[in-house]
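Let me begin by presenting the structure, written as structure tokens, before commenting on it.
Residue numbers (my numbering): 5 to 107.
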């Protein structure tokens, strides 16, 4: 199964737009949005956010900025991925019945 489309920025124009897809089979979100640059990227690159984890963005990764209005599409995509995972779980699997961590 390929990508499932969940939404495009309702305030989009013809020159690109934040878009949300999910690859449900691979349990991955795929998101297009504006690339983070300038002061925000500098802060990311200069800060050790997790102890022992190297600061900066690896060359094979990207940092993007997602507008708040895209959150509903992201939620729907996350829900679809989560549902697919639950459907793939068989009774007796370790994941079934496990607390979500929200407790």
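Where a beta carbon is used, it is the ideal one built from N, C-alpha and C, also for glycine. Here the structure is a predicted model, which means the values were calculated and not measured.
{"Asked": "Given residue 1, which residues of its chain have a CB within under 6 angstroms of its CB, disregarding the five upstream and five downstream residues?", "Found": "With the chain covering only 5 through 107, there is no way to say anything about residue 1."}
{"Asked": "Counting C-beta neighbours from all protein chains within 10 Å, is the total for residue 46 16 or more, i.e. buried, or is it exposed?", "Found": "exposed"}
{"Asked": "CB residue 48 to CB residue 70, shorter than 8 angstroms?", "Found": "no"}
{"Asked": "Span of the beta strand (DSSP E) holding residue 11?", "Found": "8-12"}
{"Asked": "Just verifying my parser: in three-state terms, what is the DSSP assignment at residue 31?", "Found": "coil"}
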